[in-house]
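In the order they appear, the protein sequences are chains A and B.
For what it's worth, this note's numbering labels the leading residue of the first sequence as 1, then goes sequentially.
For what it's worth, this note's numbering labels the leading residue of the second sequence as 1001, then goes sequentially.
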Amino acid sequence: MVGVRTPVLAALLLMAFALVFATDFVATGAMAEGTAKWPGQCVADSATMRRNHFEMLLHQRDDTMRLGERPSDRSLGACLDCHAVKGADGHAVTAADSRHFCRTCHDSAAVRIDCFSCHNSAPGRGK
Amino acid sequence: MTDVSNPSRRSLLAGLATLTLAPGIVLMAPQPAGAAATAGKRWGLLIDTTKCSSGCDACVQACGAEHGWSDPTHGRPDQAPRWVRKVDVKDPASGKTASLPVMCQHCAKPPCVDVCPTGASFKRADGIVLVDRHICIGCRYCMMACPFKARSFVHEDVTSQRPGTPRGNGTVEGCTLCVTRVDAGKLPVCVDACAGTGKGAILFGDLNDPNSAISRRVREVAPARLRADLRLDTGVHYQGL
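Structural data, given as structure tokens:
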């Protein structure tokens, strides 16, 4: 029995370590701090945004698509407007550039961003 | 997620409860506060083909520029996206000719919605038929089902999408009746473009409102609808066909 339990325990310990490090990364990881146009004016505090921004976007995505609700502050366009990173030419960079706000974290976390296969990754909402 | 929960959903549920508590009483569908897709409305177009001329494609050009579907592609021209096209028709019996733009007809009973295996093809509460490209798998059943050839498939990666018009490889797209503009209280871009040429052949409005300009004109001229035999109750009407 001991022979079976030891690798299981080791695996569990490893997973726990991985979780702790993942949490640390999200909480304190190298984010593009200070890129927001209006610091402190985001729809939620930084910790909430880092943990939940994808769920917020998913929620808003369905409300916008199905119900036509287009709040000015919770759309993907609003995120891009505020978190735009200017390139050397003075224009906001797209997700093709590693300096793009979303990519600074998604590259490290190795999470692919699906949004920009259809949505423009540079700001410029037309309303 | 409490900070992003939407109070309008609760009011919608409350409205539904009211609806079921009072059976037999016809009520307007409850409308979530702040939602643009108003259930009482039915957006539609009335196209006056007597004012539309064969050589003019201002509406097509404006649509392509607004939504970016006419941007150059590397694929075969016959596979290029096309949200609206000009069609010249001739009645073989009388010889009468007409020219008209054909786009998504925003059917009340859309066949594209019937055949969609994922629910991506759907009709909004205000009658606008859309593709939810978040869940579209690109099977193109809807393209086969549409009697108006109104939908296109995107065959290659898209960049420089226009504001308010996401477009992406591997999904089906079509006329959205400029839903972003309509939600903002503006007219579809083809309507503005046609008015800009001085023809003013396209009228946009709420078909459910008996006092709207489009409803009054529909009552007055009893316009034709494409493939009326299919009884799809299309939202686009054609005067003078």
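All C-beta atoms in this analysis are idealised placements derived from N, C-alpha and C, irrespective of residue type, glycine included.
Item, Value
"Per-residue contacts from residue 1183 (chain B) into chain A (C-beta, under 8 Å)", "68, 70"
"Selection of the region 90–124 of chain A by Cβ proximity to chain B, strictly under 7 Å", "117, 118, 119, 120, 124"
"Top-ranked residue by Cα proximity to residue 1224 (chain B), from B:1240, B:1230, B:1217", "B:1240"
"Cβ of residue 1110 (chain B) within 7 Å of any chain C Cβ", "Of the protein chains in this structure, namely A and B, none is chain C."
"Anticipated Cβ contact below 8 Å, residue 1172 (chain B) with residue 1144 (chain B), distance rounded", "That pair is no contact at about 11 Å."
"Nonlocal neighbours in the same chain, by C-beta distance under 7 Å from residue 1123 (chain B), ignoring five residues either side", "1110, 1113, 1129"
"Cβ pair residue 1127 (chain B), residue 1150 (chain B) closer than 7 Å", "no"
"Contact with chain B by residue 65 (chain A), beta-carbon distance below 7 Å", "yes"
"Proximal chain B residues relative to residue 61 (chain A), where beta-carbon distance stays under 7 Å", "1134"
"Contact under 7 Å by Cβ, residue 1155 (chain B) with residue 1064 (chain B)", "no"
"Selection from B:1069, B:1140, B:1167, B:1163 that minimises the alpha carbon distance to residue 1115 (chain B)", "B:1140"
"One or two residues paired with residue 1237 (chain B) in a DSSP bridge", "B:1046"
"Exposure label - residue 1092 (chain B); buried when at least 16 CB within 10 Å", "exposed"
"Residue environment, residue 1026 (chain B), which counts as buried when at least 16 other CB atoms sit within 10 Å", "Reliability fails at residue 1026 (chain B), whose pLDDT of 37 lies under 50, so the model's placement of it is uncertain and no value is given."
"Cβ shell of residue 1243 (chain B) (< 6 Å), same chain only, five flanking positions each side left out", "Since the first and last residues shown for chain B are 1001 and 1241, residue 1243 (chain B) lies out of range."
"Meets three-Cβ-pair contact criterion under 8 Å: the region 1199–1206 of chain B and the region 1163–1172 of chain B", "no"
"Enclosing beta strand (DSSP E) for residue 1203 (chain B) [first to last residue]", "1202–1206"
"Rounded straight-line distance, which links the Cα of residue 1105 (chain B) to that of residue 1231 (chain B)", "12 Å"
"Pick from B:1054, B:1072, B:1048, B:1041 that is closest to residue 1161 (chain B), judged by C-alpha positions", "B:1072"
"Three-way DSSP call (helix, strand, coil) for residue 1064 (chain B) in this model", "helix"
"Collapsed DSSP secondary structure at residue 1177 (chain B) in the structure displayed", "coil"
"Short CB-CB distance (under 7 Å) between residue 1161 (chain B) and chain A", "yes"
"Neighbour flag for residue 1166 (chain B) against chain A, beta carbons, 7 Å", "yes"
"Uninterrupted alpha helix (DSSP H) stretches inside the region 1121–1152 of chain B (no shorter than 4 residues)", "1141–1145"
"Where residue 60 (chain A) falls, given that 16 or more other Cβ within 10 Å makes a residue buried", "buried"
"Own chain, CB closer than 6 Å to residue 1024 (chain B), minus 5 neighbours either side, in chain order", "Only weak support is given to the placement of residue 1024 (chain B): the predicted model assigns it a pLDDT of 44, under 50, and the value that follows is read from those uncertain coordinates. None."
"Rounded Cβ spacing between residue 1101 (chain B) and residue 1047 (chain B) (contact assumed at less than 8 Å)", "7 Å"
"Short Cβ contact (7 Å threshold) for residue 1218 (chain B) with residue 1045 (chain B)", "no"
"Listed by chain order, chain A residues near residue 1065 (chain B) by CB distance under 7 Å", "Result: empty, since nearest Cβ-Cβ is about 12 Å, beyond 7 Å."
"For residue 1089 (chain B), the three-state DSSP class (helix, strand or coil)", "strand"
"Proximal residues of chain A, C-beta to C-beta of residue 1042 (chain B) below 7 Å", "The premise fails here: residue 1042 (chain B) is roughly 14 Å from chain A at the closest Cβ pair, so nothing lies under 7 Å."
"Beta-carbon proximity list for residue 1041 (chain B), same chain, < 6 Å, skipping 5 on both sides", "1126, 1206, 1208"
"Cutoff 7 Å: residue 1037 (chain B) Cβ touching any chain A Cβ", "yes"
"Contact under 7 Å by Cβ, residue 1238 (chain B) with residue 1049 (chain B)", "yes"
"CB of residue 43 (chain A) within 7 Å of CB of residue 73 (chain A), strictly", "yes"
"Within 8 Å of chain A by C-beta, residues of the region 1112–1132 of chain B in sequence order", "1122, 1124, 1125, 1126, 1130, 1132"
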